[in-house]
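Residue numbers (our numbering): 72 to 860. One structure below.
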């Protein structure tokens, strides 16, 4: 029985989507409805999280970001559902049972499985057999299990290619095999079985042993799919992409040796096949067994291998993107030095050290290049120049880029501090990651058209110490270098995720509209590149903004943009102190009622702890503004425009330790976390090569996620465990009481503890001990080295 065509076009079931969002995110349906309505109306996640708490029940930006992603997926799912239903209906094959199954499908994979038998496809062997009338033979075989299928096929011998009993029987086999391979329930069951029981096997391509040496840990490797950690998956896929490794899906060696193969047996069971696999089988049972084998080997094995490796890749990419986004958030929200004059030094040897002085607002004051190293070795002249600039511009901080010659440059600055204590300079090492990208960018060329590219890097280094967020937003996030396998993941999804992080960070901190650059402004809620540019141009033509209301005078800055952006744009020293706070202009009447109650002006209350003592936020709620908004206003009165970033502090590298050969096992050093991966953290200890603190050495307690212990930019104390100078590998520990390993044998496995769960398995041998993630470590080391050049 088929259904009649729908009288009206199918539409997306919005209620279904809202209910599923509420269930998945563990929120109330009305919260999901409010959030979706606001997003559809053009509201941004930061705006909803900060200024629409009453509507959403206080959903934070993390939940809202997840909701935003899932909303897109579910709408795509519904759109695909409608397309599939329309397609099957047009074929006249949509019956009530199929309609119900498609309607209840909750993933894209389930939808595609159900659609497989009806999907337009190239003419298959099974279709050719059907056209030759061999479906009747198949039915006869199924209805007569006591008869030999080959004998039954004699009556169906016809024209080529079915001009013999065997050929006719093969045609019936192709039809039954295709039916089995298009059974959605069978596909779902086998897929789940393989995911839980299957292994991914890797082998080296013959003749690629030397060329692919960095992948040698995977030359003879296997691990269960469900325990394979994301970084290892991406390492294996990179090895395959480079032609070094071959990958295949399988079961354990013991299971693979079983007869019948477990998957073939499941096909027989799930398709209600009367198959029998031993020597006592009848001709009918043996033929059915052969069909199940054919289905597995010809139809399904390659399909599932491709599908499940793709699933691994997608999960690996999602995790890599999550790690990158988390590290980027930590870097953007690193402690700013604040309004201090800074001298930025971009180290170099033969090309000289580039110097840039900026004032407390980030304005460039002076640039120069000094040559304290080879070949000129003008140390005295360099010190004299630096002292003069520092004195002239009242420099407080010296930012030294951490690239080539950074330790030599730090030593030069140390000498400057020693000779001129009256300057009271503080030396800070600053990551150069992405500085060269900014220097050569169109933005930098517009900002400093007369400045040499190399000197722009020194300006960037100085500014990122003063305000990391304001400077790093000028650089494409991928160039900052705090990800794992960032070039191997879906670039569109990576860009979307990183842009969301930048937007959340910028709006969490807030922006001074009178000093912010266009690149920073464009990340403010409700603004884009055009509006950001218009704000800067208006400011340049008319002077500083005196109030938030003046934003409406900016070309194309309409009411909607004002609603979304105003609360995040701050105007220090405005006539109305609320304009410098996170209180949204729409809520000013509430603030004014609070001030009227205590009979004071805003400037008398702002920043005064206890000024609202005795007042209850409940007394100032109304139909529009509930308790969450009023509580936020109270908090802003006490600490207006509070910055969520931590207090500024600096790490001190050990004097005399400037290169990897200076490291001695047992040393305790101070360093800065430069990157956090799933298997540990990379730490800069000042020797031009980051060391790795493996996840097992981060804490005396069990650690499942390294970011629970360390964050990018954090200052930490580490102990040197091992130094492999030829391969430029440094093993560190944050467990300062750890014993230093003696000459460690190559066959141990203490370093096989991984963030990914299960222990990797080897065929016939144990894995080398210090080779946990060679491809990852080499790739990260190469990436950092490249960024620092």
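For each residue, glycine too, the CB sits at the ideal point set by N, CA and C. All values reported here derive from a predicted model rather than from experimental measurement.
Asked, Found
"DSSP beta-bridge partners of residue 753", "746, 763"
"The beta strand (DSSP E) enclosing residue 272, as first and last residue numbers", "270-275"
"Alpha carbon of residue 339 to alpha carbon of residue 363, nearest angstrom", "6 Å"
"Among 360, 530, 620, 130, nearest to residue 216 - alpha-carbon criterion", "360"
"For residue 170, the nearest candidate out of 180, 186, 763 (CA to CA)", "186"
"Residue 498, enclosing beta strand (DSSP E) - first and last residue", "497-501"
"For residue 438: DSSP bridge partner residues", "427"
"Exposure label - residue 453; buried when at least 16 CB within 10 Å", "buried"
"Option nearest residue 462 by Cα separation, candidates 800, 491, 621, 475", "491"
"Supposed contact pair residue 715 and residue 573 - C-beta distance, whole angstroms, cut 8 Å", "Not quite, the Cβ-Cβ distance comes to about 15 Å (not below 8 Å), so this is no contact."
"Backbone CA spacing between residue 293 and residue 271 [nearest angstrom]", "5 Å"
"Euclidean distance between Cα positions of residue 505 and residue 541", "14 Å"
"Three-state secondary structure assigned by DSSP to residue 91", "helix"
"DSSP three-state assignment for residue 396, whether helix, strand or coil", "helix"
"Beta-carbon gap between residue 731 and residue 760 smaller than 8 Å", "yes"
"Exposure of residue 532, with buried meaning 16 or more beta-carbon neighbours within 10 Å", "buried"
"Inter-residue CB distance, residue 749 and residue 390 (contact presumed, cutoff 8 Å)", "7 Å"
"Cross-strand partners of residue 321 (DSSP beta bridge)", "270"
"Burial state of residue 811 (16 or more Cβ within 10 Å)", "exposed"
"Residue 266 vs residue 296 beta-carbon contact at 8 Å", "yes"
"Among 465, 803, 291, 758, nearest to residue 724 - alpha-carbon criterion", "758"
"Assigned secondary structure, residue 230 (DSSP; H/G/I helix, E/B strand, else coil)", "coil"
"Alpha-carbon to alpha-carbon, residue 288 and residue 448", "45 Å"
"Cut-off 8 Å between Cβ atoms - residues of its own chain near residue 465, not counting five sequence neighbours on either side", "412"
"For residue 710: DSSP bridge partner residues", "None; residue 710 has no bridge partner."
"Residue 537 to residue 459 span [Cα, whole Å]", "21 Å"
"Same chain, Cβ closer than 7 Å to residue 771, neighbours up to 5 away in sequence not counted", "806"
"Distance between residue 471 and residue 501 (C-alpha atoms, nearest Å)", "6 Å"
"Run of the alpha helix (DSSP H) containing residue 773, from where it starts to where it stops", "Neither: residue 773 is in no alpha helix (DSSP H) and is coded neither H nor E."
"Spatial neighbours of residue 656 in its chain, beta-carbon cut-off 7 Å, leaving aside the 5 residues before and after", "619, 637"
"Beta bridge counterpart(s) of residue 645 as assigned by DSSP", "DSSP output for residue 645 lists no bridge partner at all."
"Of the residues 318, 689, 439, the one placed nearest residue 269, counting alpha carbons only", "318"
"Distance between residue 175 and residue 582 (C-alpha atoms, nearest Å)", "47 Å"
"Supposed contact pair residue 474 and residue 407 - C-beta distance, whole angstroms, cut 8 Å", "Between residue 474 and residue 407 the Cβ distance is about 22 Å, and since that is not below 8 Å, they are no contact."
"Short CB-CB distance (under 8 Å) between residue 290 and chain D", "The structure shown contains no chain D; it is built from a single protein chain."
"Range of the contiguous beta strand (DSSP E) that encloses residue 470", "468-472"
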